[in-house]
Structures are given as C-alpha cells and as structure tokens.
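Every number in this note's numbering is 34 more than the matching position in the sequence shown, counting from 1. Glycine included, each C-beta is placed from N, C-alpha and C at the ideal position. Heads up: the structure comes next, in structure tokens.
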Amino acid sequence: GRMAILPLSNRPIPIIADEYPDPEKGSGAVKITPAHDFNDFEVGRRHNLPLINLMTAHAAMESIPEIPAKYQGLDRYEARKQILADMDAEGLLEHEERVQNSVPHGDRSGVVIEPWLMDQWYVNAAELAKPAIKAVEEGRTRFVPERWSKTYFEWMRNIQPWCISRQLWWGHRIPAWYGPDDHIFVEENEAAAVSAASAHYGKTVELRRDDDVLDTWFSSGLWPFSTLGWPDDTPEVHADLARYYPGDVLVTGFDIIFFWVARMMMMSMYVMDGEVPFRDVYIHALVRDEKGQKMSKSKGNVMDPLDIIDQYGADPLRFTLAAMAAQGRDIKMSTTRLESYR
Numbered sequence: 035g036r037m038a039i040l041p042l043s044n045r046p047i048p049i050i051a052d053e054y055p056d057p058e059k060g061s062g063a064v065k066i067t068p069a070h071d072f073n074d075f076e077v078g079r080r081h082n083l084p085l086i087n088l089m090t091a092h093a094a095m096e097s098i099p100e101i102p103a104k105y106q107g108l109d110r111y112e113a114r115k116q117i118l119a120d121m122d123a124e125g126l127l128e129h130e131e132r133v134q135n136s137v138p139h140g141d142r143s144g145v146v147i148e149p150w151l152m153d154q155w156y157v158n159a160a161e162l163a164k165p166a167i168k169a170v171e172e173g174r175t176r177f178v179p180e181r182w183s184k185t186y187f188e189w190m191r192n193i194q195p196w197c198i199s200r201q202l203w204w205g206h207r208i209p210a211w212y213g214p215d216d217h218i219f220v221e222e223n224e225a226a227a228v229s230a231a232s233a234h235y236g237k238t239v240e241l242r243r244d245d246d247v248l249d250t251w252f253s254s255g256l257w258p259f260s261t262l263g264w265p266d267d268t269p270e271v272h273a274d275l276a277r278y279y280p281g282d283v284l285v286t287g288f289d290i291i292f293f294w295v296a297r298m299m300m301m302s303m304y305v306m307d308g309e310v311p312f313r314d315v316y317i318h319a320l321v322r323d324e325k326g327q328k329m330s331k332s333k334g335n336v337m338d339p340l341d342i343i344d345q346y347g348a349d350p351l352r353f354t355l356a357a358m359a360a361q362g363r364d365i366k367m368s369t370t371r372l373e374s375y376r
C-alpha cells in the first residue's frame, strides 16, 4: 500500500509484493516496466499496474506526460545515457557494475529487441489443443519414433494464447475491417464486411482493413485441407477430400513439431469436424553442419547439395545421407565424411 517517488519525473509509483523477484539476488527489489518486459507484464496484470508505452515504434522516447520533456524524442540509448548522468548529478547513483544478461536480438538485423505493447489478434490455443492432444493419446495420430510424442504433449499441454497477427508486408491479410468508430467487422471478404457495416450503422460507410497479416504458421497450418481445394464447395473438392484426407504419413523434422505439426493438428481438427490430418508423423534426422549447428544463411554454414554433387558426385552424397540417416538423429554433414564415402 506504500508509494515511492520516481526520480527525475517525480511520479508516484506503488510498491508491491510478488513472488517474481529473487530475494537472494541484489537487494531483492526490482523495477517493474509492464509495457516493456514479458515477466513485468505478468506482474503488472496480477497487480493491476498501468501499462505505459514509453517508446515509439522507432525506439525513441514517447512524448507523454509520464516522461520528462528533456528526454522526449531521444533515442533509447541516448536517453539511457542522459538519465544516468542526471541521476549521478543529483547524487542518486550508488554505484555501477557490469552484469551479464540474456538480451534478445533480431535474427537478421542483430539489433536489440525491445518488447513493446500493441494491439494484436490472438487465438485461444488451449481450446484448440484439447482434441489434438486427445487424438495422439488415443493413437489416431502416431509419432515415429514414439518418443517425440512427449515433445508434442509438453508443448500442447502448456500452450499459451497464440498471437496470429504479424506486422509484415507479405502474407494472408487478416479478414477484419474497422468502421468510423473502430467497430470491428470480421468477415470472409470485403463485400461481406461492407454489408455487415451497412446493417450495423444503417447506412453505407467507409471501412478500413486491418493492416496486419496472419502468422505464417497459421497459414501453413491450413495445408492438409487447403491444398485439396478447401473452402471451395464443389463436387471435385469433396471427392479429393474424401480420397486424400486424412493423409497417411507426414515426414518432417523435430524442430517444427510445435510450429507446424501441432498447428496442423489443431486447425485441421477444428475445420474438418474432428478428423486428424495424418495418421503417422515420421520424424527424420536434421542435416546440420560438422559442428552440429543448424544450417542457416545468416551463419554462412549452408552446404548446397548442387555444389556437393559438382565436387564429389551424386552417389557419395546419397550414400553419406543414407548411411547416417536414422530416426530422429542429427546428421553432422562434413566434406571429410563425403570424401570418405566417395
């Protein structure tokens, strides 16, 4: 029930008690920034703390009353330096020390990622997961090797609300339109949205479509039935679905059991009246570099099969992969091994 005064801004903030801080670490007291940290967000929700976005989308300090005017508009790093200097000048800085933290960085840019509050679209994944979990428990869909079902269950039984919106320039547009008062109309297409809006407002109004696109794993989760013509309602589509759905075997790697396999299970069983999308999921080995690292363009460790064939021939490549392939085991690919099987 007590309050503290935040230095430099002279803003009162509540002092709260929570199980999140580690009393053995430092002073046992931690700052809480609900809008810019995942753990702090959960603490803030438990204690009804205000959610204040302190930064813009370009990582500059916002121009809001909660931020002193001298810091408004400054880049995040410049603001950090200025705040530190001002606290030192006022005698509020006790000491400085280097600590090692785990900080997320962008895969391609390498830039530090700042959690930032914004409106997103979510799916209640826990409800979708229930029949998908039951299907594997009952053996309607089997994992080969069977041990990978444990990975599937671990993810599915602890699944969180799924954020399906992305701020990208490509992808399936989210089928949501906003009226003049930001009332939301979710429809199959724009014509249906216009019709729904006209009925809602009693007149024709201009609508604005949501700028976001669907998470690529949401789109790819539709693969088992969308490739057969769904949602078209034609005799040909019905015939293809009856013949090819569900599929017999899905062959994939363990790294996308949750991202793809689980999504296909949830989406397919929701759309296709509880029928699983495939009867067996065969988990194959992942081809990695000679150090066991996953191959990626950003790491520069990708081995192009065409280059390998040009240098060693097709048969050594086939034999190497066949000799090392095993259920669920990684393949550490190296030129030395290719040379030995030449």
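In the DSSP assignment, the alpha helix (DSSP H) including residue i goes from what residue to what residue?
| i | result |
| --- | --- |
| GLY78 | 72-80 |
| GLY284 | Note that residue 284 is Leu in the sequence shown, not Gly. Per DSSP, LEU284 belongs to no alpha helix (DSSP H); it is in the beta strand (DSSP E), 281-287. |
| ALA276 | 269-278 |
| ILE66 | Segment: none, ILE66 is in no alpha helix (DSSP H) and carries neither H nor E. |
| PRO57 | It is not in any alpha helix (DSSP H) - PRO57 carries neither H nor E in the DSSP assignment. |
| PRO258 | 257-260 |
| THR250 | 250-254 |
| VAL228 | 224-235 |
In angstroms, rounded to a whole number, what distance separates the CA positions of residue i and residue j?
| i | j | result |
| --- | --- | --- |
| SER136 | SER302 | 37 Å |
| TRP150 | ARG297 | 26 Å |
| ARG132 | LYS59 | 15 Å |
| LYS331 | ILE342 | 17 Å |
| LEU127 | MET152 | 33 Å |
| PHE177 | ILE317 | 7 Å |
| GLU172 | PRO165 | 10 Å |
| PRO55 | LEU40 | 19 Å |
| TYR346 | PHE252 | 40 Å |
| THR369 | THR250 | 34 Å |
| TRP203 | ASP122 | 44 Å |
| HIS92 | ALA113 | 13 Å |
| LEU256 | ASP282 | 17 Å |
| VAL305 | PRO311 | 10 Å |
| ALA119 | PRO179 | 58 Å |
| GLY78 | ALA103 | 26 Å |
| HIS234 | ASP314 | 47 Å |
| ARG80 | LYS333 | 41 Å |
| PHE187 | GLY205 | 29 Å |
| PRO138 | PHE72 | 12 Å |
| LEU74 | PRO68 | In the sequence as presented, Leu is not what sits at residue 74; that position holds Asp. Rounded to whole angstroms, ASP74 to PRO68 spans 5 Å at the Cα level. |
| GLY326 | MET367 | 8 Å |
| GLU76 | THR261 | 39 Å |
| GLU130 | GLY308 | 58 Å |
| ARG142 | ALA94 | 21 Å |
| ALA273 | PHE293 | 29 Å |
| HIS217 | GLY236 | 14 Å |
| LEU42 | ASP215 | 38 Å |
What is the residue span of the beta strand (DSSP E) that residue i lies within?
| i | result |
| --- | --- |
| MET37 | 37-40 |
| VAL220 | 218-220 |
| TRP211 | 210-212 |
| PRO48 | 45-48 |
Grab me the residues of residue i's own chain with a C-beta within less than 7 Å of its C-beta, minus the 5 sequence neighbours each way, in chain order.
| i | result |
| --- | --- |
| ASP266 | none |
| VAL285 | TYR316, HIS318 |
| GLY427 | Nothing can be reported for residue 427: it is not among the residues displayed for the chain, which extend from 35 to 376. |
| ILE208 | TRP155, SER199, ASP244, ASP246, VAL247, LEU248 |
| GLN116 | TYR105, LEU108 |
| TYR111 | none |
| THR383 | Missing from the structure shown is residue 383; the chain here goes from 35 to 376 and no further. |
| GLN201 | ASP246 |
Please work out which residues of its chain come closer than 8 Å, Cβ to Cβ, to residue i, disregarding the five sequence neighbours upstream and downstream, and give them in chain order.
| i | result |
| --- | --- |
| LEU241 | TRP211, TYR212, GLY213, PHE219, GLU224, ALA227, VAL228, ALA231 |
| LEU424 | This structure leaves residue 424 out entirely; the chain is present only between 35 and 376. |
| GLU96 | ASN87, LEU88, MET89, THR90, GLN106 |
| MET37 | PRO46, ILE47, PRO48, ILE49 |
| ILE365 | ALA319, LEU320, VAL321, ARG322, LEU355, MET358, ALA359 |
| PHE259 | LEU275, TYR279, SER302, VAL305, MET306, PRO311 |
| ALA163 | MET190, ARG191, ILE193, ALA296, MET300 |
Compute every distance between the C-beta of residue i and the non-hydrogen atoms of the ligand ZN, then say whether any falls below 7 Å.
| i | result |
| --- | --- |
| GLU128 | Absent from the structure shown: the ligand ZN. Ligands present: none. |
Which same chain residues, not among the five before or five after residue i, have their C-beta less than 6 Å away from its C-beta?
| i | result |
| --- | --- |
| VAL271 | GLY263 |
| ARG243 | TRP211 |
| GLU100 | ILE86 |
| ALA348 | none |
| VAL336 | MET329 |
| PHE353 | TYR375 |
| ILE167 | MET190 |
| THR169 | Sequence inspection shows Ala at residue 169; the Thr mentioned does not correspond to that position. Result list for ALA169: THR175, VAL310, in chain order. |
Alpha helix (DSSP H) runs wholly inside the segment 283-370, at least 4 long, in chain order = 297-305, 339-346, 348-358
query = Any chance the segment 139-153 sits against the segment 51-65, with 3 or more Cβ pairs inside 8 Å?
reply = No: the two stretches stay apart, fewer than three of their Cβ pairs being nearer than 8 Å.
Alpha helix (DSSP H) runs contained entirely in the segment 86-147, provided each spans 4 or more residues = With a minimum length of 4 residues, the continuous alpha helix (DSSP H) runs that stay inside the segment 86-147 are 110-123.
ask   = Three or more beta-carbon pairs under 8 Å between the segment 154-162 and the segment 184-195, yes or no?
value = yes
query = Curious, which full-length beta strand (DSSP E) runs of at least 3 residues does the segment 155-215 contain?
reply = Taking only runs of at least 3 residues, the beta strand (DSSP E) segments lying wholly in the segment 155-215 are 176-178, 210-212.
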